[in-house]
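A.B. asks:
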Ligand code: PLP
Ligand code: COI
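Residue numbers (this note's numbering): 21 to 361.
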């Protein structure tokens, strides 16, 4: 299979249409079989549920080329089950989890020419999403839905790549207690657009959101969970019912314990403790693990001892082990790697 002529090493995190996408439709209470299509455009009613009341959710995962030339996807079954949770919370029909994984396989295989080569630094980002497509004017769920998956080759999420970033503590909240912070609803991201643009205007890369009820605990950023490393080498990651259960974070917790023999604490993390940590990183599919060098909090700066030049040593080990598993040169735990071809 001849790869597309793309400057893999220099692509950012953007949208580049690929040849095929998957589309399935829900009508009269049932999903159709779904199919691949080359048409990247969607025509829907002006009154579609997604346009009026934001009835939409999505997922994100990646396909990788391994060192020995296979194309693999990392833990798509967890994305299938998280999307099912999102759908239930938004009164949308679940796309069956086994069919979700099959559709991922189909769409990645069909776009093989766009899966970046091993060692290029790029990957194929996979974006499944669902939305209410028929007219809704009273506030209620749609009757018809579309489930789609497109793919796009991507490079690093932050322009700094693997260099540490600077974030600020946001004055805006991300997700209410007992709200929708624990699902991947489009509305969670719409509300983050103003704070992220404000952060950028002030020269920061991202926002740290605190818990809205007390504003004393660390939640997450707009698109990734936090991991911290203590001065004695423990991994600490915030536990909260209003953050997205990151698949990367859950995988890192396992890697830290089982591969690296590190102690891990998943617990509430007070913002007051943050200044005492040795390293900080953002973890997610897009972010992988992006090191944080500095946190700005209303005139005060927290500068991690790991500095602004490179990842701290423990985060580097976690990064190397996780990406080693994803790229196939470190043996993966059972069931983590779905081989496409
Ligand atoms: N938190 C938020 C708000 C996200 O959007 C994402 C991205 O998916 C994550 C965390 C990381 O989750 P995952 O590791 O499953 O990609
Ligand atoms: C992902 O990591 O897959 C996400 O959905 C995060 C998004 C901000 C790009």
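The C-beta atom is built at its ideal place from N, Cα and C for all residues, glycine as well.
1. Assuming residue 141 and residue 29 are in contact, meaning their beta carbons sit under 8 Å apart, how far apart are those beta carbons, in whole angstroms?
2. Only counting runs of 4 or more residues, tell me where the alpha helix (DSSP H) segments fall wholly within the segment 138 to 218, in order along the chain.
3. So who's on the other strand from residue 310, going by DSSP bridges?
4. Does the Cβ of residue 245 lie closer than 7 Å to at least one heavy atom of ligand 1?
5. Three or more beta-carbon pairs under 8 Å between the segment 73 to 90 and the segment 142 to 160, yes or no?
6. Can you tell me whether residue 157 is buried or exposed, with buried defined as 16 or more other CB within 10 angstroms of its CB?
7. Pick from 161, 83, 143, 164: whose alpha carbon is nearest that of residue 125?
8. State the beta-bridge partners of residue 76 as determined by DSSP.
9. My guess is that residue 33 and residue 176 are in contact by the Cβ rule of under 8 Å, so how many angstroms apart are they, rounded?
10. Count the CB pairs spanning the segment 300 to 314 and the segment 240 to 248 that are closer than 8 Å, and state whether there are at least three.
11. Let me check one thing: in DSSP terms, what residues is residue 43 bridge-paired to?
12. Could you tell me whether any non-hydrogen atom of ligand 1 is closer than 7 Å to the CB of residue 107?
13. Give me the DSSP bridge partner(s) of residue 425.
14. Inspect the beta-carbon positions of residue 130 and residue 360 and report whether they are closer than 8 Å.
15. Kindly give me the distance between the Cβ atoms of residue 37 and residue 74, rounded to whole angstroms, as I take these residues to be in contact under 8 Å.
16. Measure the C-alpha to C-alpha separation of residue 250 and residue 218 and round it to an integer number of angstroms.
17. For residue 287, which beta-bridge partners are listed by DSSP?
18. Using only CA atoms, which one of 253, 159, 197, 170 lies nearest to residue 259?
19. Using the Cβ count rule (16 or more neighbours within 10 Å means buried), how would you classify residue 160?
20. Less than 7 Å between the CB of residue 226 and some heavy atom of ligand 1, yes or no?
21. Going by DSSP, what residues sit across from residue 363 in a beta bridge?
22. Should residue 224 and residue 316 be called a contact, given that it needs their Cβ atoms to be closer than 8 Å?
23. If contact is defined by three or more beta carbon pairs under 8 Å, each pair taking one atom from either stretch, is the segment 89 to 98 in contact with the segment 49 to 66?
24. Would you tell me roughly how many angstroms separate the C-alpha atoms of residue 168 and residue 42, rounded to the nearest one?
25. Measuring alpha carbon to alpha carbon, tell me which of 215, 280, 308 ends up nearest residue 266.
26. Among residues of its own chain, excluding the 5 on either side of residue 39, which ones have a beta-carbon nearer than 8 Å to its beta-carbon?
27. Candidates 298, 343, 333: which alpha carbon is nearest residue 323's?
28. Using 10 angstroms around the beta-carbon of residue 210, count the other beta-carbons present and answer buried if the total reaches 16, otherwise exposed.
29. Please state whether the Cβ-Cβ distance between residue 138 and residue 347 is less than 8 Å.
30. Would DSSP call residue 85 helix, strand or coil?
C.D. replies: So, to answer that:
1. Along the chain shown, read from residue 1 onward, the residue named residue 141 stands at position 121. Along the chain shown, read from residue 1 onward, the residue named residue 29 stands at position 9. Indeed they touch by this definition, with Cβ atoms about 6 Å apart.
2. 206 to 210
3. The count along the chain shown starts at 1 and reaches residue 310 at position 290. According to DSSP, which records beta bridges pairwise, residue 310 is partnered with 302.
4. As a first step, residue 245 is located in the chain shown; it is residue number 225 there, counting from the start. Yes - ligand 1 has a heavy atom lying nearer than 7 Å to the Cβ of residue 245.
5. yes
6. To locate residue 157, count along the chain shown from 1; it is residue 137. The residue is exposed, with fewer than 16 neighbouring Cβ atoms inside 10 Å.
7. As a working mapping, residue 125 is identified with position 105 in the chain shown. Of 161, 83, 143, 164, the residue nearest in Cα terms is 83.
8. On the chain shown, residue 76 is found 56 positions in, with the first residue counted as 1. DSSP output for residue 76 lists 151 as bridge partner(s).
9. Within the chain shown, numbered from 1, the residue matching residue 33 stands at position 13. Within the chain shown, numbered from 1, the residue matching residue 176 stands at position 156. About 7 Å separates the two Cβ atoms, so the contact holds.
10. yes
11. As a first step, residue 43 must be located in the chain shown, where it is residue number 23. In the DSSP output, where bridge partners are listed per residue, residue 43 has 55, 168.
12. On the chain shown, residue 107 is found 87 positions in, with the first residue counted as 1. Every heavy atom of ligand 1 is 7 Å or more from the Cβ of residue 107, so no.
13. Here the chain covers residues 21 to 361 and nothing more, so residue 425 does not appear.
14. Looking up residue 130 in the chain shown gives position 110. Looking up residue 360 in the chain shown gives position 340. No, the pair does not count as a contact, with Cβ atoms beyond the cut-off.
15. Taking the first residue of the chain shown as 1, we reach residue 37 at position 17. Taking the first residue of the chain shown as 1, we reach residue 74 at position 54. Not a contact, Cβ separation roughly 24 Å.
16. Start at 1 with the first residue of the chain shown, and residue 250 comes out as number 230. Start at 1 with the first residue of the chain shown, and residue 218 comes out as number 198. Each residue's Cα considered, the two are about 30 Å apart.
17. Counting from one through the chain shown, the residue named residue 287 turns up at place 267. DSSP lists 258 as partners of residue 287.
18. Sequence index remark: in the chain shown, residue 259 carries index 239 (1-based). Answer by Cα proximity: 197.
19. Position 140 of the chain shown, counted from the start, is the residue given in the question as residue 160. Residue 160 is exposed by the Cβ-count criterion.
20. Within the chain shown, residue 226 is the residue found at index 206, counting from 1. No, Cβ of residue 226 sits at least 7 Å from all heavy atoms of ligand 1.
21. The chain is shown only over 21 to 361; residue 363 falls outside these bounds and no answer can be derived.
22. Reading the chain shown from its first residue, position 204 is the one you call residue 224. Reading the chain shown from its first residue, position 296 is the one you call residue 316. A contact, by the Cβ cut-off of 8 Å.
23. no
24. One-based indexing of the chain shown puts residue 168 at position 148. One-based indexing of the chain shown puts residue 42 at position 22. Rounded to whole angstroms, residue 168 to residue 42 spans 5 Å at the Cα level.
25. Numbered from 1 along the chain shown, position 246 holds the residue referred to as residue 266. Minimum Cα distance to residue 266 is reached at 308.
26. The count along the chain shown starts at 1 and reaches residue 39 at position 19. 58, 130, 131, 133, 134.
27. The residue given as residue 323 occupies position 303 in the chain shown. It is 298 whose Cα lies nearest to the Cα of residue 323.
28. The residue labelled residue 210 in the question sits at position 190 within the chain shown. Label assigned to residue 210: exposed.
29. Stepping through the chain shown from its first residue, residue 138 is reached at position 118. Stepping through the chain shown from its first residue, residue 347 is reached at position 327. Cβ atoms of residue 138 and residue 347: closer than 8 Å.
30. As a position in the chain shown, residue 85 is number 65, starting the count at 1. In this structure, residue 85 counts as strand in the three-state DSSP scheme.
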